[in-house]
Structure formats: structure tokens, C-alpha cells
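If you read the protein sequences in the order shown, they are chains A and L.
In this text, residue positions in the first sequence follow the numbering used here: the first is 6, and each later residue adds one.
In this text, residue positions in the second sequence follow the numbering used here: the first is 6, and each later residue adds one.
2 protein chains.
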Amino acid sequence: MFFVDLAGLGAMIKGLNHEWGMKNQKKKSLNPEDWELATLDVIAHQGVGAVAVEPLAKALGVTKGSFYWHFSNRQDLIESALQRWRADDQALIEERIFSQDSAEARLKAWFMLSAEPSQSHLVYATLLADRQHGFVAKVLKEVTLERLGHLQQAYQETGLSEADAKQQSLLAYSVYVGYLHMAKTLHGKLKDSDNIQNYAEYVANQLMPHKL
Amino acid sequence: MFFVDLAGLGAMIKGLNHEWGMKNQKKKSLNPEDWELATLDVIAHQGVGAVAVEPLAKALGVTKGSFYWHFSNRQDLIESALQRWRADDQALIEERIFSQDSAEARLKAWFMLSAEPSQSHLVYATLLADRQHGFVAKVLKEVTLERLGHLQQAYQETGLSEADAKQQSLLAYSVYVGYLHMAKTLHGKLKDSDNIQNYAEYVANQLMPHKL
DNA sequence: TTTGTTCCATACTGTAGCGTATGTTATTAA
DNA sequence: TTAATAACATACGCTACAGTATGGAACAAA
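The structure is reproduced here in C-alpha cells:
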């Protein structure tokens, strides 16, 4: 299988308790982060439309009286969760891609990172389809344009003209986005290409500037 | 802009009346097809989750008493609409792609067709994200695997090994899927690459077997 | 003209979820 | 110990929508 079968909320909550040691010592109370992480989990697997306050509260073992203490309303929760997602994602990109010296290495790192299973990817893929929500569309556009810019710059640094780099970055990013959806859609049906590392290498090779 | 700004239901209904001549002579009654087309319009722009009986009825100028005459329930409507979408789409592929003689021509035709604005593409892109609905996932998986198979076969016919053809078709199809989402997400922000024909040629060139 | 069928309107029940108001407990500060 | 505040629970009203039940109009066939 491509992406790990991310555990549901149940396991996630156990993870929360885990922060407090093995002794199953319950957390005294929830904080906004708990709600945001649970929200991202729902978004990743069921979309923004499936984010509902009461079911979330149930999953977290509380009632919505708790929710409306931490957030003003449903939209506030979603926006906060997306902000958290974006920040975490940017931090990862910073660490894994911008740490590379050459443009070629950055491109390669990008392709490899794209193929790694992570909740962040799942969230992004879902958001791409939930852009009818205004606040989602905004975040999505910004993130996408930003990443496209990074790719374009890397391609330019390898010697491509601005125009060529634009087209090539769009192509490369399309591969990434398309792959996300393919993996979700076929989920386990990819068989031969199931060697994801192998496929990532293949794609990287195809999209590297030396092929131009 | 990439995709035509598909008119909402209002214009669609005028289109329906149009079938009956300019004289604004109202259709006497609705048939299942009317409901299915309206449903596909909603799916294309707002997703499967946004398909609601009463709003649809309002948009079509009737009440849900009419709806439950033609369909047994909401799910029945969605499944019927998806069947219609799939049939129409397959007919188009038959006409535009399988009519080509050589494998190279079929691949080229595929890339060109992928870049054309159509509601069918919008629907597909939306479904890719709404696969949490069971019936959607089924149709989606079938359609995707089918198209992947076509691409793979074409690549094999051009001389690629089965393994290479598999990887290459997955790459090519990812480009298509990714592009759909990019176009929706950025919608108008693609500027320089806005010359879609140009970009399609570029992509086709990159993904043609002679590059391997 | 009568009768049957098609197509739709109206009125109802039932549920899920949002948001609010307010009561309750546990923790902390003084 | 007391008072305040954080973090909930409970109960409520409200809306959107699914689905059902039934009545009515329009048209066709007899």
C-alpha cells in the first residue's frame, strides 16, 4: 500500500495520553491543539465538509460545551487547523528541501518528499477538492503558488529560461498533485509500481532538467 | 482563464427550454435526465456532498414531490448521474482517441483532450476528492484503472516494456489529474502558461516515448 | 365524458448539527 | 479557606434537509 492507513481518532487520542507517560494517566483537559489535530485528521480522510463539532467532541470524549470554550465557532476551528497544517508543512519543507545546497539536490529532495506517506499530503489533496469553502481556497492558492515559485526558481537555477522553468515547474507540480490523488483513489491497486521508491526515482529522472 | 466558467443552474435550465425552440415554450414536465444533468453541474462545482434534493428542486422550478417521483432517494440520483457522466465520457474517448490509428497519435490525442475545458473534467476532478462516498469510490476506481490501462497499452505499442509502460502511464495520468486540480485551484492565476495549447504541446512532448 | 396514469404540490415526521445560555466541577490564587 | 477562573456538561431553540403520505391538476385513452 502507498500511504499508511492513518489511525482514526481513537488511536490519536491514545497518542495524546501518551504524552503523559505510559501509566495511562489521563490528560486533565484539552487545549486548542488537540482540537486542531483531530480536525486535520478528519479533513485528511473525509474532507472539510465532514468537520462537525459534535462528532468531534464525542471522539475526543467531551461535549461541545468544551469546544465553544476554546473556539468561537466551527469556521474558527477549521481556519486554526489549516494554519497549523500550513505552518507544520512549511517547517518540513524548510528542513528537508531548503537545507540542500544545489538546485538539483533541492529538486530531487522535493520529488522524494512528495512520495513519502504523510498526513500533510492527505490534507493537501483533500483541500484541493474542497476549495468551494472560501477560507480553504485562500490558503490553498497561497500554498500552491508558493510551492510553484520554489520549483520554478530551482529550475531556473539549473539553467532553464524563466518561461521554460515556469512550464516545467507546473508540470512537475502537477505530477505531485496527480500522484496524491491517484494514490488515494487506487489505494493498494498500484501493484507493480508499488515500489514507491522506485517510482519516485523514475519520476525524478523524468523531470530533472538534464532530460531537457 | 483555463476552464470556461460553467453557468449555474439558471442558465442550464434556460438551456433546457432552449431544446423546445426559441419561443420560450415551457417544457411540460421534467424527466430523470434533467435531474441528472443538474446534479452533475452541482458535483462539478461543489462536490457530491452538496447534492441536496430540495435545493435542486428549487433550482429546477419544482418541489421535491417531483423528485421522489423520478428517483427513489438521493443516492439513487447520484448514482444515476454518475452513470450518465461515465457513459458520456467514454463515448467521447471512443470518438476522439480510439479513432486514431497509431499509438503515438492516441497518446497525443489524449494529452490534447486532457487540456480541453469541459464539465466532464470538472466532475472527475471533484470525484477524486469525494471518494469517501462508497459509490463514488467504486466508479472512480474503475474509470481510473480503465484509463490507466489505455495509456499503458498505448505506451507498450510504442515499444516500451510492460514495466516501463506502467510507470510511464502512471506518470502521464498523474500529470493529467494534477493539472485538473491546478487549474481549478489557481483558476486564472496561471498567467504565462495561460496559453493552454502551448502548455499541452509542451507536456505532450515531455511525455512522449521518444523522450525515453 | 369518464377513467387512469403521470407529474407535481403540500404537509407532515424525523434527524443532525450549529450556536447559546446557563449550571457544575476542578483547579488555582489569594 | 475562600474566591475566582478554567474547562467542561446539560438543556434548549433553530435550521436544513431526508423521506413519506396524500391530494390535486393535466393529459391521454377509452
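Idealized CB from N, CA, C, for every residue including glycine.
- Relative to residue 84/A, the option among 120/A, 38/A, 166/A and 118/A whose CA is nearest is 38/A.
- Interface with chain A (8 Å Cβ-Cβ cutoff): residue 187/L is included.
- For the segment 50-68 of chain A, residues whose beta-carbon sits nearer than 8 Å to a beta-carbon of chain L comprise 50, 51, 52, 54 and 55.
- Judged by DSSP in its simplified three-state form, residue 121/A adopts coil rather than helix or strand.
- Distance between residue 207/L and residue 59/L, taken at the CA atoms: about 45 Å.
- By the neighbour-count criterion, in which a residue is buried when 16 or more other Cβ atoms sit within 10 angstroms of its Cβ, residue 46/A is buried.
- When only Cα atoms are considered, residue 205/A and residue 102/A end up about 16 Å apart.
- Contact between the segment 70-83 of chain A and the segment 161-171 of chain A is absent: fewer than 3 CB-CB pairs across the two stretches fall below 8 Å.
- Of the other Cβ atoms in all chains shown, fewer than 16 fall within 10 Å of the Cβ of residue 150/L; this residue is therefore exposed.
- By the beta-carbon neighbour count (other beta carbons within 10 angstroms, threshold 16), residue 113/L is buried.
- When C-beta atoms of the segment 169-176 of chain L are compared with those of the segment 104-121 of chain L, fewer than three pairs fall below 8 Å, so the two segments do not count as touching.
- Here the segment 65-77 of chain L does not lie against the segment 124-137 of chain L, with fewer than 3 beta-carbon pairs under 8 Å apart.
- With a 10 Å radius around the Cβ and a threshold of 16 neighbouring Cβ atoms, residue 188/A comes out buried.
- In this structure, residue 43/A keeps its C-beta atom at 8 Å or more from the C-beta atom of residue 128/A.
- Identification of chain A residues near residue 190/L by a Cβ-Cβ cut-off of 7 Å yields 133, 136, 145, 146 and 149, ordered along the chain.
- By a beta-carbon distance limit of 8 Å, residue 118/A does not contact residue 190/L. Their separation comes to about 20 Å.
- One thing to note: residue 87/L has its Cβ no nearer than 8 Å to the Cβ of residue 67/L.
- Following the DSSP letters along the chain, one finds residue 187/A inside the alpha helix (DSSP H) bounded by residues 167-191.
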